[in-house]
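**Student:**
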Amino acid sequence: MAMRTPPHPGLSIREDCLEPLGLSVTEAAQKLGISRKQLSDIVNGHSGISPEMAIRLDKAFGGSADTWFRLQAAYDLAKAKLRADQIKVERLSPAA
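Numbering (the numbering used here), first residue to last: -3 to 92.
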């Protein structure tokens, strides 16, 4: 069975936060205290949610900073697992 990659958390920001409040990316960025480009990059899936951004999202929209950051971590891990066969590592074992 193929593993399903969770959606980028920027989609949740757009669909669950901005759209219900009728906020544009520009308006939301101003309220979050960040640049329009920074928020645009996140909601369009071009950059991730940093710990600081998770706190900003929590303060602005709720949902807890931990939840926002976990959404990003789950997305990042799922993307890395898709490339797992390309990651070459030598297995380490304790010295005898």
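Backbone N, C-alpha and C define an ideal beta-carbon position, used for all residues, glycine too.
Treat the numbers as computed from the prediction; the structure is a model and nothing was measured.
In terms of residues, what are the limits of the alpha helix (DSSP H) holding residue 10?
**Tutor:** Careful: residue 10 lies outside any alpha helix (DSSP H) and carries neither H nor E.
**Student:** Using a threshold of 8 Å, state whether the C-beta atoms of residue 73 and residue 8 are closer than that.
**Tutor:** No, the pair does not count as a contact, with Cβ atoms beyond the cut-off.
**Student:** Quick one: grab the DSSP three-state call for residue 33.
**Tutor:** It is helical.
**Student:** Could you pull out every residue in the same chain whose Cβ sits closer than 8 Å to the Cβ of residue 3, ignoring the five residues on either side in sequence?
**Tutor:** Cβ neighbours of residue 3 beyond the five flanking positions: 71.
**Student:** Specify, as a first and last residue, the run of the alpha helix (DSSP H) that residue 62 falls within.
**Tutor:** Where residue 62 is concerned, the enclosing alpha helix (DSSP H) stretches over 61 to 78.
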